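In the working numbering, the protein residues as written are 113 to 198.
Even for Gly, the Cβ is constructed at its ideal location relative to N, Cα and C.
Note that the structure is predicted; figures quoted are calculated from it, not measured.
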């Protein structure tokens with residue numbers, strides 16, 4: 113990937129992240145450095161607790177779908193890029 117394309121891709125990803133955080137002010141100041149578990153494990157445990165306790169999950173289905181779409185978009189973008197051999 114040439115430098116211009118890389119910069120544009122990174123900028124687009126950053127803009128999407130900023131837009132997401134502006135919509136979800138409740139997740140802006142979560143410090144993940146103190147957690148011994150990865151984010152997916154924490155999210156799954158939170159979801160399971162919400163089901164057991166009959167409370168709303170921290171990450172609802174719509175947010176999960178948006179996150180999945182971002183991940184799939186990233187994977188698709190990566191597949192379209194020529195491979196660089198070092």
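Where the alpha helix (DSSP H) containing residue i begins and where it ends
i           : result
residue 163 : 151–165
residue 188 : 173–192
Three-state secondary structure (DSSP) of residue i
i           : result
residue 138 : helix
residue 127 : helix
residue 196 : coil
residue 170 : coil
Quiz prompt | Segment contact flag, the segment 155–170 with the segment 187–195, C-beta cutoff 8 Å, min 3 pairs | solution = no
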